[in-house]
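The next block holds one structure in the form of structure tokens; read it before the comments.
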Amino acid sequence: MLARAARGTGALLLRGSVQASGRAPRRASSGLPRNTVVLFVPQQEAWVVERMGRFHRILEPGLNILIPVLDRIRYVQSLKEIVINVPEQSAVTLDNVTLQIDGVLYLRIMDPYKASYGVEDPEYAVTQLAQTTMRSELGKLSLDKVFRERESLNASIVDAINQAADCWGIRCLRYEIKDIHVPPRVKESMQMQVEAERRKRATVLESEGTRESAINVAEGKKQAQILASEAEKAEQINQAAGEASAVLAKAKAKAEAIRILAAALTQHAMGVYGALTKAPVPGAQDSVSSGSSRDVQGTDASLDEEFDRVKLS
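The sequence shown runs contiguously to residue 313 in the UniProt record's numbering.
Dropping the structure here:
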């Protein structure tokens, strides 16, 4: 009698929940297992047990024992990471551009009790929350920022979902935008903008290339002028050094000629002085006079030769 009454009560509760939501609540693929007294709970699953219609406890993975008739497994929650495709929806940006956008939601049940009794269908509730949050966040950004700040947009959606889904025992791990579709006219204008930006960059690069070329040419001319002036300077230095060497050689030659002439004059004067100071010898005066005259004539000839050589030098 008690077993029949418990089964009837469970059937009424299930039927009432189906009528209230319009569809069966979402459950794990394993379904609701029966109470066979001895139960083995798989890893990464949490089985919510009710005793006489009220929450009793959550079965941990491994061996568990329940009381027949009184205990009933009401919910089976998966503790693995769940991937949910968020359907495509329309959203309006800050600059009034309508976009078609979809995404992927990654979540995990952190509290099986809240996920079972806090919301009728946790996954469906989070999906609806993700859609509304995405529309709200897109309305705060312009079209250009939607494409540039995609990562920050995903992070904002995750934070907003976690704030609302905390009471459901669910944590959103990450949200990724899959595709963003823009209207055809907006797409054409964006393409034109991209082409204009490319032409602008090409013009800037071309002008920079021309400027660099002019700088290189000017630098080359500057270096050429510097090298030419240095070569001219070196040539003038070499020419001056040559002229100085020539003048020095001429001066040395003149000095040497003057020295030789002075020596010759000194020798001639000494010879004349010696001839005059010698005593005259009888019978030999004529010979001395003739010899002296010959010496004087020879000395005069040699002096004339030296003087001519000095003048020629």
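Ideal placement from N, C-alpha and C gives every residue a C-beta, glycine not left out.
Discussion item. Quick check on DSSP: helix, strand or coil for Gly62?
Written reply: Taking the sequence shown and counting its residues from 1, the one referred to as residue 62 is at position 62. Of the three classes helix, strand and coil, the one that applies to Gly62 here is strand, per DSSP.
Worksheet item: Given that a residue counts as buried once 16 or more other Cβ atoms are within 10 Å of its Cβ, and exposed if not, what is Leu138?
Response: Counted from its first residue, the sequence shown places residue 138 at position 138. Leu138 is buried by the Cβ-count criterion.
Item to complete: Answer with buried or exposed for residue 370, where buried requires no fewer than 16 other C-beta atoms within 10 angstroms of its C-beta.
Response: Absent from the structure is residue 370, since the part of the chain shown begins at 1 and ends at 313.
Worksheet item: According to the Cβ coordinates, are Asn35 and Ile65 closer than 8 Å?
Response: Numbered from 1 along the sequence shown, position 35 holds the residue referred to as residue 35. Numbered from 1 along the sequence shown, position 65 holds the residue referred to as residue 65. It is not a contact, given that the beta carbons lie outside the stated cut-off.
Worksheet entry | Terminal residues of the alpha helix (DSSP H) in which Lys233 lies | On the sequence shown, position 233 is the one that residue 233 refers to. Per DSSP, Lys233 belongs to the alpha helix (DSSP H) from 184–277.
Practice prompt. Measure the C-alpha to C-alpha separation of Gly62 and Val49 and round it to an integer number of angstroms.
Written response: To locate residue 62, count along the sequence shown from 1; it is residue 62. To locate residue 49, count along the sequence shown from 1; it is residue 49. Approximately 15 Å, taken between the alpha carbons.
Item to complete: Apply the 10 Å Cβ neighbour rule to Val186 and answer buried if 16 or more other Cβ atoms are within range, or exposed otherwise.
Response: Taking the sequence shown and counting its residues from 1, one reaches residue 186 at position 186. Exposed, because fewer than 16 other Cβ atoms sit within 10 Å of the Cβ of Val186.
Worksheet item: Is it right to say Gln225 is buried, meaning 16 or more other beta carbons lie within 10 angstroms of its own, or is it exposed?
Response: For this step, residue 225 is matched to residue 225 along the sequence shown. Its Cβ having fewer than 16 others within 10 Å, Gln225 is exposed.
Worksheet item: Since Asn96 is in the beta strand (DSSP E), which residue starts that stretch and which ends it?
Response: For the purposes of this step, residue 96 is taken as residue 96 along the sequence shown, with counting starting at 1. For Asn96, there is no enclosing beta strand (DSSP E), as DSSP marks it with neither H nor E.
Worksheet item: Is the segment 161–168 in contact with the segment 186–199, if contact means three or more CB pairs nearer than 8 Å?
Response: No: the two stretches stay apart, fewer than three of their Cβ pairs being nearer than 8 Å.
Practice prompt. Name the two residues that bound the continuous alpha helix (DSSP H) containing Gln77.
Written response: Taking the sequence shown and counting its residues from 1, the one referred to as residue 77 is at position 77. Counted as a single uninterrupted DSSP element, the stretch harbouring Gln77 is not any alpha helix (DSSP H) but the beta strand (DSSP E) occupying residues 71–78.
Worksheet entry | First and last residue of the uninterrupted beta strand (DSSP E) at Glu81 | Here residue 81 refers to the residue found at position 81 of the sequence shown. Going by DSSP, Glu81 is part of no beta strand (DSSP E) at all; its letter is neither H nor E.
Item to complete: For Leu39, name the three-state secondary structure that DSSP assigns.
Response: As a working mapping, residue 39 is identified with position 39 in the sequence shown. In the structure shown, Leu39 sits in a strand (DSSP, three-state: E or B).
Item to complete: Taking Glu60 as the reference, give the member of Gln44, Pro68, Met52, Arg54 with the closest Cα.
Response: Translated into positions along the sequence shown, residue 60 becomes position 60. Glu60 has its Cα closest to that of Gln44, out of Gln44, Pro68, Met52, Arg54.
Discussion item. Let me check understanding here. Comparing Cα to Cα, which of Gln128, Tyr273, Arg108 lies closest to Leu173?
Written reply: As a working note, residue 173 is residue 173 in the sequence shown. When the alpha-carbon of Leu173 is set against those of Gln128, Tyr273, Arg108, the nearest one is in Arg108.
Practice prompt. Could you please give the first and the last residue of the uninterrupted alpha helix (DSSP H) stretch that includes Arg150?
Written response: As a working note, residue 150 is residue 150 in the sequence shown. Looking at the DSSP string, the run of the alpha helix (DSSP H) that includes Arg150 is 150–165.
Discussion item. Taking only three categories from DSSP, how would you classify Val119?
Written reply: On the sequence shown, residue 119 is found 119 positions in, with the first residue counted as 1. DSSP, reduced to helix, strand and coil, places Val119 outside both helices and strands of the structure shown, so it counts as coil.
Practice prompt. For the segment 176–183 and the segment 89–106, state whether three or more C-beta atom pairs, one from each stretch, are separated by less than 8 Å.
Written response: Contact between the segment 176–183 and the segment 89–106 is established, with three or more Cβ pairs separated by less than 8 Å.
Worksheet item: From Thr203 to Ser213, what distance separates their C-alpha atoms?
Response: Locating residue 203 in the sequence shown gives position 203, where the first residue counts as 1. Locating residue 213 in the sequence shown gives position 213, where the first residue counts as 1. Rounded to the nearest angstrom, the two C-alpha atoms are 15 Å apart.
Item to complete: Helix, strand or coil for Lys178, going by three-state DSSP, please let me know.
Response: For the purposes of this step, residue 178 is taken as residue 178 along the sequence shown, with counting starting at 1. In the displayed model, Lys178 falls within a strand according to three-state DSSP.
Worksheet item: Between the beta-carbon of Leu79 and the beta-carbon of Ala46, is there less than 8 Å?
Response: The count along the sequence shown starts at 1 and reaches residue 79 at position 79. The count along the sequence shown starts at 1 and reaches residue 46 at position 46. With a cutoff of 8 Å on beta-carbon distance, Leu79 and Ala46 are scored as near each other.
Discussion item. Between Leu39, Lys250, Asp71, which has its C-alpha nearest Gly53's C-alpha?
Written reply: Start at 1 with the first residue of the sequence shown, and residue 53 comes out as number 53. When the alpha-carbon of Gly53 is set against those of Leu39, Lys250, Asp71, the nearest one is in Asp71.
Discussion item. Can you tell me which residues form a DSSP beta bridge with Glu50?
Written reply: Within the sequence shown, the letter at position 50 stands for residue 50. Looking at the DSSP assignment, Glu50 forms a beta bridge with Phe55, Arg72.
Worksheet entry | Alpha-carbon spacing of Glu219 relative to Ala244, whole angstroms | Sequence index remark: in the sequence shown, residue 219 carries index 219 (1-based). Sequence index remark: in the sequence shown, residue 244 carries index 244 (1-based). The alpha-carbon atoms of Glu219 and Ala244 are separated by roughly 37 Å.
Practice prompt. Would you mind giving the Cβ-Cβ distance between Arg150 and Ile177, rounded to the nearest angstrom? I have them listed as a contact below 8 Å.
Written response: The residue given as residue 150 occupies position 150 in the sequence shown. The residue given as residue 177 occupies position 177 in the sequence shown. Between Arg150 and Ile177 a beta carbon distance of about 6 Å is seen, short of the 8 Å cut, so the two are scored as contacting.
Worksheet entry | DSSP-derived helix/strand/coil call for Pro87 | Here residue 87 is taken as the residue at index 87 of the sequence shown, counted from 1. Pro87 falls in the strand class under three-state DSSP.
Worksheet item: Does the beta-carbon of Tyr75 have 16 or more other beta-carbons within 10 angstroms, so that it is buried, or is it exposed?
Response: Working through the sequence shown from its first residue, we reach residue 75 at position 75. By the neighbour-count rule (16 or more Cβ atoms within 10 Å), Tyr75 is buried.
Practice prompt. Report yes if the C-beta distance between Ala115 and Pro122 is below 8 Å; otherwise report no.
Written response: The sequence position of residue 115 within the sequence shown is 115, counting from 1. The sequence position of residue 122 within the sequence shown is 122, counting from 1. Closer than 8 Å, so yes.
Fill in: Reduced DSSP category for Asp111 - H, G, I as helix; E, B as strand; rest coil
In the sequence shown, residue 111 corresponds to position 111, counting from 1. Looking at Asp111 - three-state DSSP - the assignment turns out to be coil, as it is neither helix nor strand.
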